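Below: the structure, in C-alpha cells.
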Amino acid sequence: MTLDRRLFLLSAAALPACQMMEPRIAMPDAWRLGYTNPPADGFEPAVMRKMSGRLPDAFGGTLYRNGPAQFAYGGQTAQHWFDGDGMVQAIRFEGGAAVHRGRFVATPKRKGEQAAGRFLAPGFGTEADPEYPLGSADDANAANTSVLMSGGELLALWEGGSAWRMDPDTLESRGPKIWRDDLAGMPFLAHPKREPDGTVWNLAPGGRRVGFYRINPDGTIRDFGLVDIGVAAYMHDWAMTASELIILVQPWILKRSRPPFAAHLAWEPERGLVAQVYNKNDFSLKRTVQCPPRAFYHTGSAWTDADGAIHLDVAFYDRPVLGQGGGANLIAGKYATSVDEIEPEVCLLTLPIKGDGVLRESGLQGEFLQADPRRSGLFRRHVLVLTGRAPGRPGHTGVARIDWNTGDVARFDFGPGQMVEEFLVVPKPGDMTEAAAWAVGRTLNLEARASEVHVFDLARLADGPVVTYRAPRSWPLGFHGTFVAA
Amino acid sequence: MSFRPVLVAMLISSLPLGALAEPASDTATLTLNVSGLQPMGTISLGLFDSQSGYEASKSVTGAQQTVTGETVVVVFDDLAPGEYGIKFYHDVNGNGKLDTNPFGMPVEPFGFSNNARGQFGPAGWDKAAFTVTAGENTHALAVN
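And the structure:
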C-alpha cells in the first residue's frame, strides 16, 4: 500500500475542487480508519497543527461532536454502526489555535462492556446478550448521536434513552439528564431544535406515542406533551417552524418494539410519507399532509410562509438505507453492496394548507443538512449539506451550499483522500445577514491518517477553507455536533 | 402467615434477640435486609411462593415499611419451607404506587429477590426464585 504523493499534497493544501479531478484511490481500504476504535481512555488535550490559512479573529468557541467509536472487542465487532459507544470530541478555537480532546460517554453500557471486554447490550442492530440486565432503556444507552449545550452542561444524545450529562470542559460524564422526576428515563431524541431565543424543542420517540419537550433557555423544562402519531414509524429527525412542530411519519414501520430494531423495520411505501403538523402552544394536531413515499434521516429546518404553507429541506431516499446489514457491513470493513450506494437527494418539501405535499428536488445528492441557527424556524435561503462520493468507500468528500431562491449550488470538494463529516453554520458576530456566517467541520484525512478541522467563509464556500488544522491523531467518523461560541 | 417489618435501628436498640428466635420447627422465618435506600417514603414488598403467582403478581403475603434509614429489615414468620420469589419497590414520594414515566417505565427504585434483573421486563422466576428452609433464613435485597 503506497501513499499517493500528489493526492496527499493536494489534500493537505485543500485546493479547489477543479484541481482535484481524476481521483486516485491509493489506499482502497483506508476508509476503515473511520470505523476503528480510538483509545478506550479517550484523548488528552492536544494542540492541532495549522496547515493553512488563518483563524478569523472573531471566530472563537468549541466545536463538539459525537459519534459511535467502539466498534470491536478483539475479534467481536459491533453488529451495527449505530450501536458503538458514543465518544464526544471537543475542538476548542482560541487565540488562533485549535485544541482537541475526546472522551467516551460513561454510560452503564459503556462501563459494563468495558469491564466484560465484549459487547453485551442490545441496540439498533444488535441482539442483547441473554444475561445482560436491562432495567430500563438507559442500560442500553449508547449516547452516541449528537450533543446539546443546555443549562451549562453538555448533553450527549441518543434516540432511545436519556440525554447524558457531561462536563463541557473535561468531558467527564455525570449521569442521565432527568428533566423532571416523572420523565426519568424518557427518550430524548438526538435532533433537538433551538429557537433563536434559546428555547429548545425535542421529541421523545416511543413507537406510536411521541412526546414533545419544551426546554427553557436556562435548561429547565417548561412543559411536556404526548401525542399518538398512529403508527410506530422510524424516527431520527423532525422539523419546527416558529409556531408549529412537524413530525414526518415515514413509511418505515417498526413491527416489533424489541432490539435489534433494524430486523423489525418494514418498508411500506404504499403508505407514503405523512407530515403531521402540531401547534406549539398546545400540542394539538393542526393538519396532516400526504407526501410521496420517501425515507429520510435528516431535515434542515422549516419555516411558514405568508400563506401558511410550510417549507422544509430534507435529504430524501427512495427507500431506507443503513437498516439491517448496511450498518453492520461498515463495521466489518465491507462496502459496495447495492444498498450502500443509494444516495439521498436534497429536496425542499412544501406542505400546503390544502392538498398533498410538493417536492422540489435540488438535483444535488447530499446529507447532513444544516441551516443558519439565527433563522431556526424562520425563512432562510441557504442550506449546507455534505455531498460528493468517492468510489468504493462510504462517506462524503465535499460540502455544498444550496440557495433555494436561485437554485444555485456552491461546493467545495476535498477529494477522495478525505472523509467529510457534518459541517455546522456558525454566525459571524454582529452581522445578522444570512451570508455572514462560517461553516466549520471535521474531515478524516485518509492519507495522513489524521483528523482535520476546517473553517470556511460560507459566502465563499467554493474558495475552500480559510483555515485548516490537523490533529496529531485520528478518531472515527461521527454523526452530529454543536458549536458553542466563546 | 404474618410478617413483622422491623427497622435495623429497632433491632439493634430495643428488641431482644429472643423475640425473633425459636420458630416452630416445621416452619421458616425469612429475614430480608434491604439496602441502598434513600431515607424517605415507604418500601413495598410482595412475597410469592410459585412461578404462576410470581408472574401474575399474586403474592402470598407482603409488607409495607416506612423508610427512615439507608437500610430496612423485614421479617416474614411462619412460612412453609419451599421456593419463594420477591418483588419490591421503593415508593420514594409515598404516594402509594410505583410511579412510571409516560411510556410506563418505573421512575422509582424497584427490584427482585436474588437482586435479579430482567431484560425488557421484570426478572423471571428462574432468576428470582430462592429456597427457604425450616428455621431461620436471611436474604439480601438492594435497590437498583
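The listed protein sequences correspond, in order, to chains A and B. With my numbering, the residue at position 48 of the first sequence is 48, and numbering never jumps. My numbering runs 486 ahead of the 1-based position in the second sequence. C-beta: ideal position from N, C-alpha, C; glycine also. From a predicted model like this one, the values you see are computed outputs, not experimental measurements.
Exposed unless 16 or more other CB atoms sit within 10 angstroms - verdict on residue i
i, result
"arginine 460 of chain A", "exposed"
"glutamine 290 of chain A", "exposed"
"alanine 439 of chain A", "buried"
"methionine 432 of chain A", "exposed"
"arginine 294 of chain A", "buried"
"glycine 102 of chain A", "buried"
"glycine 54 of chain A", "For clarity, residue 54 of chain A is arginine in the given sequence; the question names glycine instead. Exposed, since its Cβ has fewer than 16 Cβ neighbours within 10 Å."
"glutamate 94 of chain A", "exposed"
"arginine 449 of chain A", "exposed"
"isoleucine 331 of chain A", "buried"
"leucine 285 of chain A", "exposed"
"lysine 111 of chain A", "exposed"
"histidine 480 of chain A", "buried"
"asparagine 144 of chain A", "buried"
"asparagine 397 of chain A", "According to the sequence shown, residue 397 of chain A is threonine rather than asparagine. Buried: at least 16 other Cβ atoms inside 10 Å."
"methionine 21 of chain A", "Legend: pLDDT at methionine 21 of chain A = 39, less than 50; position of this residue unreliable, value from coordinates given subsequently. By the neighbour-count rule (16 or more Cβ atoms within 10 Å), methionine 21 of chain A is not buried but exposed."
"valine 200 of chain A", "buried"
"glycine 407 of chain A", "exposed"
"methionine 27 of chain A", "buried"
"phenylalanine 139 of chain A", "The amino acid occupying residue 139 of chain A in the given sequence is aspartate; phenylalanine does not appear at that position. With 16 or more Cβ atoms within 10 Å of its Cβ, aspartate 139 of chain A is classed as buried."
Residue i in three-state terms, based on DSSP
i, result
"glutamate 508 of chain B", "With a pLDDT of 49 at glutamate 508 of chain B, under the threshold of 50, the predicted position of this residue should be treated as unreliable, though the coordinate-derived value follows. Glutamate 508 of chain B falls in the coil class under three-state DSSP."
"alanine 295 of chain A", "strand"
"histidine 382 of chain A", "strand"
"alanine 30 of chain A", "helix"
"glutamate 270 of chain A", "helix"
"phenylalanine 527 of chain A", "With chain A covering 1 to 486 only, the question about residue 527 of chain A has no answer from this structure."
"aspartate 85 of chain A", "coil"
"leucine 322 of chain A", "coil"
"tyrosine 213 of chain A", "strand"
"proline 595 of chain B", "coil"
"methionine 21 of chain A", "For methionine 21 of chain A, the pLDDT reaches just 39, beneath the cut-off of 50, and the residue's location in the model is therefore unreliable, although a value from the coordinates is still provided. In the structure shown, methionine 21 of chain A sits in coil (DSSP, three-state: anything other than H, G, I, E or B)."
"lysine 50 of chain A", "strand"
"isoleucine 402 of chain A", "strand"
"glycine 112 of chain A", "helix"
"tyrosine 234 of chain A", "coil"
"histidine 191 of chain A", "coil"
"glycine 610 of chain B", "coil"
"phenylalanine 43 of chain A", "strand"
"glycine 464 of chain A", "coil"
"threonine 517 of chain B", "strand"
"serine 451 of chain A", "strand"
"isoleucine 221 of chain A", "strand"
"lysine 543 of chain B", "Residue 543 of chain B is actually serine in this sequence, not lysine. Three-state DSSP puts serine 543 of chain B in coil, outside helix and strand."
"serine 536 of chain B", "coil"
"asparagine 600 of chain B", "helix"
"asparagine 579 of chain B", "coil"
"isoleucine 246 of chain A", "strand"
**Message:** If the cut-off is 7 Å on Cβ atoms, which residues from the segment 164-189 of chain A count as contacting chain B, listed in chain order?
**Reply:** The residues in question are Asp181, Asp182, Leu183, Ala184, Gly185, Met186.
**Message:** Short of 7 Å Cβ to Cβ, which residues in the segment 563-592 of chain B face chain A?
**Reply:** Asp585, Asn587, Pro588, Phe589, Met591
**Item:** Continuous beta strand (DSSP E) assignments of at least 3 residues falling wholly in the segment 118-179 of chain A
**Value:** 146-150, 153-157, 164-166, 173-176
**Prompt:** If you measure beta-carbon to beta-carbon, which residues of the segment 603-615 of chain B are closer than 9 Å to chain A?
**Reply:** Arg603, Gly604, Gln605, Phe606, Gly607, Ala609
**Message:** Give me the subset of the segment 132-147 of chain A whose CB atoms are less than 8 Å from a CB atom of chain B, sorted by chain position.
**Reply:** Tyr132, Pro133, Leu134, Gly135, Ser136, Ala137
**Prompt:** Taking a cut of 7 Å between CB atoms, which residues from the segment 97-117 of chain A lie near chain B?
**Reply:** So the list is empty, because no residue satisfies the distance condition.
**Request:** Mind listing, in chain order, the continuous alpha helix (DSSP H) runs of no fewer than 4 residues lying wholly within the segment 351-383 of chain A?
**Result:** none
**Message:** Output needed in chain order: residues of the segment 219-230 of chain A with a Cβ under 8 Å from some Cβ in chain B.
**Reply:** Phe224, Leu226
**Item:** Selection of the segment 251-274 of chain A by Cβ proximity to chain B, strictly under 8 Å
**Value:** Arg258
**Message:** What are the residues in the segment 38-56 of chain A lying within 7 Å of chain B by C-beta distance?
**Reply:** none
**Request:** Mind checking the segment 187-214 of chain A against chain B and listing, in chain order, the residues whose C-beta falls within less than 9 Å of any C-beta there?
**Result:** When C-beta distances to chain B are compared with 9 Å, the residues of the segment 187-214 of chain A below that value are Pro187, Ala204, Gly206, Gly207, Arg209, Gly211, in chain order.
**Cβ pair count under 8 Å reaching 3, the segment 119-129 of chain A against the segment 588-600 of chain B** = no
**Message:** For the segment 468-486 of chain A against the segment 553-571 of chain B, do three or more pairs of beta-carbon atoms, one drawn from each stretch, fall closer than 8 Å, so that the two count as touching?
**Reply:** no
**Request:** Decide yes or no for the touch test of the segment 600-608 of chain B against the segment 553-560 of chain B: beta carbon pairs closer than 8 Å, at least 3 of them.
**Result:** No, because fewer than three Cβ pairs between the segment 600-608 of chain B and the segment 553-560 of chain B fall closer than 8 Å, the two stretches do not touch.
**Chain-ordered residues of the segment 119-130 of chain A with a beta carbon less than 7 Å from chain B** = Ala128
**Validate contact between the segment 80-96 of chain A and the segment 218-230 of chain A using beta carbons, cut 8 Å, 3 pairs** = no
**Prompt:** Are at least three pairs of beta-carbons, each pair with one atom in the segment 345-352 of chain A and one in the segment 207-215 of chain A, less than 8 Å apart?
**Reply:** no
**Request:** Taking 8 Å as the threshold, find out whether the segment 238-254 of chain A comes into contact with the segment 173-182 of chain A through three or more Cβ pairs.
**Result:** no
**Prompt:** Does the segment 310-320 of chain A touch the segment 60-75 of chain A, meaning 3 or more C-beta pairs lie closer than 8 Å?
**Reply:** Contact fails: fewer than three Cβ-Cβ distances are below 8 Å.
**Cβ contact (3+ pairs, closer than 8 Å) linking the segment 577-590 of chain B and the segment 531-545 of chain B** = no
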